[in-house]
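Asks: Counting from 1, position 19 in the sequence shown corresponds to residue 19 in the numbering used here; the numbering is continuous, with no gaps. The beta-carbon is built from N, C-alpha and C at its ideal position, and this holds for glycine as well.
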Amino acid sequence: MFWDRAAVIYDLFADVYNRKVNQELCRLACEQIQPDDNVLECACGTGMISVHIAPRCRHLTATDFSENMCRRARKKCSSFSNVEIRTADILSLDFPDESFDTVIAANVIHLLDEPLKALAELDRVCKPGGKLIIPTYVNKDKTKLIDQAIDQAGADFKHDFTYDTYRAFFSDAGYHNISTQLIDGRVPCAFAVITKENQH
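#1: Is R58 helix, strand or coil when you go by DSSP?
#2: Tell whether a beta-carbon distance below 8 angstroms holds between R124 and V21.
#3: In terms of alpha-carbon separation, which member of R58, L132, K127 and E31 lies closest to E98?
#4: Look at the alpha carbon of T63 and the alpha carbon of A120, and state the distance between them as a whole number of angstroms.
#5: Put V83 into one of helix, strand or coil per three-state DSSP.
#6: Is it right to say K142 is buried, meaning 16 or more other beta carbons lie within 10 angstroms of its own, or is it exposed?
#7: Let's test the definition: count the other Cβ atoms within 10 Å of the Cβ of H110 and tell me whether it reaches 16, buried, or not, exposed.
#8: Tell me whether P202 is buried or exposed, calling it buried when 16 or more other Cβ atoms sit within 10 Å of its Cβ.
#9: My output table needs one value for Q23: the three-state DSSP class, helix, strand or coil.
#10: Identify every residue that forms a DSSP beta bridge with E41.
#11: Mark S78 as exposed unless 16 or more other C-beta atoms lie within 10 angstroms of its C-beta, in which case mark it buried.
#12: Of the choices A105, P115 and R167, whose alpha-carbon is the least far from that of I133?
#13: Where does F95 fall in DSSP's three states?
#14: Are the Cβ atoms of K117 and L91 separated by less than 8 angstroms?
#15: From which residue to which residue does the alpha helix (DSSP H) around T46 run?
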C-alpha cells in the first residue's frame, strides 16, 4: 500500500517541504481543543497533529488506515499516557454514535473515493454540539494539480479541490454551521470546522 511505503518519507513533506502550512494547521487545530475533550483523530499519519493535540485534551484516540503510519505515530506520542493509536478505516469507524467531543480528520478528504461517506461517519461519532475539524490540502487555482510529483508517486488524489470548491463540498452536503479559512503556502490547506447541530 502506498501509505505504508510513504510513512518513512511523509515527515519530510510535513516538516520540511510544507512546514509553514502544517505548523499553522497544528496551531489552529489546537485552538479548537478543550481540556476535557475526548478526541478522535482519523488519518493521523505519523502523528504530526497528534503530538500537539495530546497535551491539550483529556483523551486522544488517533487512527490511520496504515499500520506503518500508526507505528511512527506511536513512537512520537509515546510520552503521552492519554493517547491510544490504532488502525481504522475512516469509511467504517468501529465506535458508537456520539462518542467524541471533537473529531479531526486532516488532509484526507481529497484522497477518498467516497468523501461524503467519510463525512457521515465523522459526523456520526461526534456528539451534538461537538466539532468536526476537517482541513485538507487544496490548489491555488482550478488548473494546477496539488503536487504532480506526489500524485505520480502513487498518492492518487481523488479530488482536486480549490478553497472555493472545498467550501461548496460542505454546503452541498447540507452543512451550514461551518467556518473556513485558507492557510497559504507551498501546498495550501483549507481549514474547516463544523459545529455539529442537534439535528442535521
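Replies: For this structure:
#1: coil
#2: V21 is positioned such that its CB atom lies no closer than 8 angstroms to that of R124.
#3: K127
#4: 17 angstroms
#5: Three-state result, V83: strand.
#6: Bear in mind that the predicted position of K142 carries a pLDDT of just 43, short of 50, making it unreliable; the figure below should be weighed with that in mind. Label assigned to K142: exposed.
#7: buried
#8: This structure cannot settle anything about residue 202, because the visible part of the chain is limited to 1 through 200.
#9: helix
#10: E41 has A62 and I104 as its beta-bridge partners, per DSSP.
#11: Under a 10 Å Cβ-count criterion, S78 is classified as exposed, with fewer than 16 other Cβ atoms of the shown protein chains found around its own Cβ.
#12: A105
#13: coil
#14: yes
#15: Under the DSSP assignment, T46 falls outside any alpha helix (DSSP H); it carries neither an H nor an E label.
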